[in-house]
Amino acid sequence: MRIFTRRGFLILEAIIAIGILSVILVTVLPSLSFFVKRARRSQNETQATLLLQEGMEVAYHVFSTTSNWDLYAIDTSYRPVHNGMWELVAGVDTDLETLYTRKIEIKAVCRHPATSAQPGEILDVPDCSAAHGLFDPTSRSLITTVSWDEGGTVQTLTAKLLVTKQLLSL
75 MRIFTRRGFL ILEAIIAIGI LSVILVTVLP SLSFFVKRAR RSQNETQATL LLQEGMEVAY
135 HVFSTTSNWD LYAIDTSYRP VHNGMWELVA GVDTDLETLY TRKIEIKAVC RHPATSAQPG
195 EILDVPDCSA AHGLFDPTSR SLITTVSWDE GGTVQTLTAK LLVTKQLLSL
């Protein structure tokens, strides 16, 4: 009789162990899946941030070393190219790191006139262009955008930089 009792406890212990293992697996596996997805998303965001920063730095470099800003049309998308020296070429970078798309847009800047209550302050004018009466020829807004597809959803990072050139009077 003791043998049967012992077997009963062994079976009961096995059932309890299987139950505990099932509970652990049911709670741990979804968490593990979440952490793997989050790690991949973090990696994608980090890479996109680096590409965004590189685009901003190239655009800043080009505009700080180029005296003729008219070479770069307003409301046009550009991509950075390195041919011994950084430059901006019309177009959009696609398939960067096989996943990312990057573009640098050059926008006109319009400012309040010197006679206004807020002279020189930037105006949020949707149709600001070189033909606009309040256009500032010494300023440009550089907007860099990096986008990528993540699980069927397009993710986007955007940064905006205002560049100005000083007019020196001799």
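Residue numbers (our numbering): 75 to 244.
We treat Cβ as the ideally placed atom computed from N, Cα and C, and that holds for glycine.
Counted as a single uninterrupted DSSP element, the beta strand (DSSP E) harbouring Y152 occupies residues T150 to H156. R114 counts as exposed, since fewer than 16 other beta carbons sit within 10 angstroms of its beta carbon. With a threshold of 16 other beta carbon atoms within 10 Å, R185 meets it and is buried. F137 and S116 have their C-alpha atoms spaced approximately 31 Å apart. Secondary structure at T140: coil, using DSSP grouped into helix, strand and coil. Beta-bridge annotation (DSSP): I217 is paired with E179 and K234. Check the Cα spacing between V155 and each of I178, T101 and G207: the tightest is with I178. Around the beta carbon of T175, a 10 Å sphere encloses 16 or more other beta carbons of the protein chains shown; the residue is thus reported as buried.
Taking the CA atoms as reference points, A147 sits about 12 Å from L216. According to the DSSP assignment, D167 belongs to the beta strand (DSSP E) that extends over D167 to L170. Within a 10 Å sphere around the beta-carbon of V110 sit fewer than 16 other beta-carbons, which makes this residue exposed. Sequence-distant Cβ neighbours of L231 in its own chain, meaning closer than 8 Å and more than five residues away, are E119, A122, T123, L126, T219, V220 and S221. For the 9 Å CB-CB criterion, K239 and S151 do not form a contact. The count of Cβ pairs closer than 8 Å, one atom from the stretch 199 to 208 and one from the stretch 100 to 108, stays below three, leaving the stretches out of contact. Here Q192 carries a coil assignment [DSSP, helix/strand/coil]. Shortest Cα-Cα distance from I196 to any of V183, G226, I85 and A233 involves V183. Excluding sequence positions up to five before and after E224, its CB lies within less than 7 Å of the CB of R115 and N118, all in the same chain and listed in chain order.
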